[in-house]
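Undergrad: One structure follows; several queries about it will come next.
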Amino acid sequence: MSSVNQLTKKLEPISKKDLALITQAYSFAKTAHSGVERYSGEPYFNHVFETALVLAELGMSPNVVVAGLLHDTIEDAGVKKETIQFAFGEEVLHMVEGVTKLGKIRYHGVQRHVESLRKLFIATSSDIRVLIIKLADRHHNMRTLKYVPKEKQKRIALETMEVYAPIAHRLGMGKIMGELQDMAFPYIHPEEYEKVKKLAEPKRKEKTEKLTKLYKILSKELKKEKIYDVKTDYRLKHLYSIYGKLKRKDFDIDRVYDISALRVIVPTVSDCYRVLGVVHGVWRPLPGRIKDYIAFPKPNGYQSIHTTIFTGEGDIAEIQIRTEKMHEEAEYGVASHVGYKKTGEKPIIDIAWVKQLFNSPPEMTESGEVKDPPVWVQELADSQEKVKEPQEFLENLKTDFFTDRIFAFTPNGDVIDLPYGATPVDFAYHIHTDVGDHIAGAIVNQKMVSLDTKLENGDIVEIQTKEKSQPTRKWLDYANTTLAKRRIKSSLQKKRKS
Ligand code: MN
């Protein structure tokens, strides 16, 4: 059974005020969803409770946990916006509304729409915390996917794999990303899933037993060196990521070396190097396999020292060494930055870290070609340059970046990425010069509109064209993008010459 204590104990130390707020949200959501059941037959409330629990585990602030409890009250329980605002305040309402809006965007399994959808998601959410709530919501929906009618399962799983997991990746939330992928995997590739599971599970078990033995030896040596404050963790490679490797290695599991690794977590950076010294004193490292991501962090900000050693039993093993802080960042990513520090301090956001995150290298396509980094990623990174304060950072995400861009759809679902203030004329020229040069009218969300209408995020825009239509001087006033203005001018010039 769920209880409010399960939530609040994860947020300790917690103020009386926050405790009261969470308790209130808990009862509010319970009442709002009462009598409604999920496909699984359990009360609907369990879903919002589990969502809030993930958020509490991520160390999000009480306000975000409250928003998690309330995230479905507007859409599914018909609660009025004003009620939430009155009882829980503007900030909570803003987050709940954000999640509600995101819930309306659907993925229809068309590959070319995927990148657009991710963009639209990020633009619509307007606040990183909204995205994190949505990820927590999806995490529970995936955990209960088996109860959902068969015909819906695959669409939801694909959406998780193509839209949510990459967003978690982009936000540096490695743990959530891996779990989402592993939960979606069996619904998308059922046969491959079984095959990978059969190959990997015994191997993972065997490797982990070996690593346990290694750690016993290492532990003694660390004590000799007076390194006491050590935590360990076994990194088990996620099934979906093993699948990725297996595909490239003819399904030969013995060629996937990093199926599990021993993690050693210590308090400080200098401890990390001392542990590395001890490890190499006991076992011989494989040349060329020592990676110092502390001195040279990965482009996404990842830090750790990795080394692979000969175990002396004809086998090799990977050891990863990191501090507690590096561990949290690797697992929870941006959540560990916008999160609520248990010390009760203000949320701390390391701007350099966020910048690195959004500066991560261009994505690769399946065939290994480099995809261009989307313009908006660079713009976001640039916009963070001058920011010092965490609050300012969040504000900047809202103002400088998100509200400055419009993502509008063609009737086929392609997304056109435009600056704020763009009109159907800009939209048309961004599709193709031919479309722009022959605009006869525009239909936005199935309504005829004038050509100077300002487009909004998520608008579906249909441009009507006629062979005889031609740009006029007036169009220069309607257009707000350089591209459209340039094309209109060049078309007007051509007309004059002919
Ligand atoms: Mn939900």
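Okay, so the sequence shown: first residue is 787 according to the working numbering, each after it adds one.
Note that the Cβ used here is the ideal one computed from N, Cα and C, for glycine as well.
1. Could you check the C-alpha separation between K989 and E1115 for me, to the nearest Å?
2. Can you name the residues that DSSP bridges to T1109?
3. What is the C-beta distance between T1251 and T1209, in whole angstroms, given that I count them as a contact (C-beta under 8 Å)?
4. Let's test the definition: count the other Cβ atoms within 10 Å of the Cβ of D1263 and tell me whether it reaches 16, buried, or not, exposed.
5. Hey, how far is the Cα of T886 from the Cα of P1205?
6. Measuring CA to CA, which of S789, I1045, Y979 and L944 is closest to Y812?
7. Less than 8 Å between the CB atoms is what I'm expecting for M963 and I918, so what's the real figure, rounded?
8. Would you tell me roughly how many angstroms separate the C-alpha atoms of P829 and D1203, rounded to the nearest one?
9. In angstroms, rounded to a whole number, what distance separates the CA positions of A1270 and N1198?
10. Where does R1273 fall in DSSP's three states?
11. Count the other C-beta atoms from every protein chain shown that fall within 10 angstroms of the C-beta of P952, then say buried if there are 16 or more, exposed otherwise.
12. Give me the Cα-Cα distance between Y1001 and L1048, rounded to the nearest whole angstrom.
13. Using a threshold of 8 Å, is the CB atom of N832 nearer than that to any non-hydrogen atom of the ligand MN?
14. Do you know how far the Cα of T1258 is from the Cα of L1278?
15. Give me every residue whose Cβ sits closer than 5 Å to any heavy atom of the ligand MN, in chain order.
16. Our contact map puts V934 next to L888 with C-beta atoms below 8 Å; I'd like the distance itself, whole angstroms only.
17. For V878 versus N832, is the C-beta distance shorter than 9 Å?
18. Hey, T998 and R824 are a contact pair by Cβ (cut 8 Å); roughly how many whole angstroms apart?
19. What is the rounded straight-line gap between the Cα of S1276 and the Cα of M947?
20. Indicate whether I1045 and A986 have their beta-carbon atoms separated by less than 9 Å.
21. From V1050 to D1019, what does the alpha carbon distance come to, in whole angstroms?
22. By a C-beta neighbour count over all protein chains shown, 10 Å radius and 16 as the cutoff for buried, is S1122 buried or exposed?
23. Cβ of K1033 within 9 Å of Cβ of R1041?
24. If you draw a straight line from the C-alpha of G1074 to the C-alpha of F1096, how long is it?
25. Hey, out of M959, K940 and K936, whose CA is closest to L921's CA?
26. Evaluate K803 with the Cβ neighbour count: other Cβ atoms within 10 Å of its Cβ, from every protein chain shown; 16 or more gives buried, anything less gives exposed.
27. Among V851, Y1215 and Q1232, which residue has its Cα nearest to the Cα of T1268?
28. Let me know if Q1177 comes out buried or exposed under the rule of 16 or more other beta-carbons within 10 Å of its beta-carbon.
29. May I have the straight-line CA-CA distance separating E1110 from Q1089, to the nearest angstrom?
30. Kindly indicate the opening and closing residues of the beta strand (DSSP E) around E1248.
31. So L944 and I974 are in contact, right, with Cβ under 8 Å, and what is the actual spacing, rounded?
32. Excluding the five sequence neighbours on either side, which residues of its own chain have a C-beta within less than 8 Å of the C-beta of S1005, listed in chain order?
33. Check whether the Cβ atoms of H1066 and T1094 sit closer than 9 Å, and answer yes or no.
34. Quick check: what's the CA-CA separation for Y1079 versus L1072?
TA: Per the coordinate set shown:
1. Taken atom to atom, the span from the alpha-carbon of K989 to that of E1115 is near 28 Å.
2. Assignment of beta-bridge partners to T1109 by DSSP yields V1052.
3. Your pair T1251 and T1209 does not check out as a contact, with CB atoms roughly 16 Å apart and the cut at 8 Å.
4. With fewer than 16 other Cβ atoms within 10 Å, it is exposed.
5. Here the alpha carbons of P1205 and T886 stand approximately 24 Å from one another.
6. Closest option to Y812, Cα to Cα, is S789.
7. Separation of the CB atoms of M963 and I918 is rounded to 12 Å, and the pair is thereby denied contact status at 8 Å.
8. For the pair P829 and D1203, the Cα-to-Cα distance works out to about 41 Å.
9. Near 22 Å, if we compare the C-alpha coordinates of N1198 and A1270.
10. Looking at R1273 - three-state DSSP - the assignment turns out to be helix.
11. Classification of P952: buried, given that the 10 Å Cβ count is 16 or more.
12. In this structure, the alpha-carbon of Y1001 lies about 8 Å from that of L1048.
13. When distances are taken from the beta-carbon of N832 to the heavy atoms of the ligand MN, even the shortest one reaches 8 Å or more.
14. Going by the C-alpha atoms only, they are around 7 Å apart.
15. Shown in chain order are the residues whose CB sits closer than 5 Å to a heavy atom of the ligand MN: D858 and D923.
16. Rounded to whole angstroms, the Cβ separation of V934 and L888 is 19 Å, and the two are not in contact under 8 Å.
17. Contact: no.
18. Not a contact, Cβ separation roughly 39 Å.
19. One Cα belongs to S1276, the other to M947, and the distance between them is close to 44 Å.
20. Cβ distance < 9 Å, so I1045 and A986 count as in contact.
21. Their Cα atoms are separated by approximately 7 Å.
22. S1122 should be labelled buried.
23. One thing to note: K1033 has its Cβ no nearer than 9 Å to the Cβ of R1041.
24. Looking at the two C-alpha atoms, the distance is approximately 13 Å.
25. Considering only alpha carbons, the answer is M959.
26. Flag for K803 reads exposed.
27. Nearest of V851, Y1215 and Q1232 to T1268, Cα basis: Y1215.
28. With a pLDDT of 45 at Q1177, under the threshold of 50, the modelled position of that residue is not reliable, and no figure is offered here.
29. Each residue's alpha carbon lies about 11 Å from the other.
30. Boundaries of the beta strand (DSSP E) harbouring E1248: V1247 to T1251, taken from the DSSP string.
31. Separation of the CB atoms of L944 and I974 is rounded to 6 Å, and the pair is thereby assigned contact status at 8 Å.
32. Within the same chain, and ignoring the five residues on either side of S1005 in sequence, the residues whose Cβ sits closer than 8 Å to its Cβ are V1016.
33. No, Cβ-Cβ distance for H1066 and T1094 is not below 9 Å.
34. C-alpha of Y1079 to C-alpha of L1072: approximately 17 Å in a straight line.
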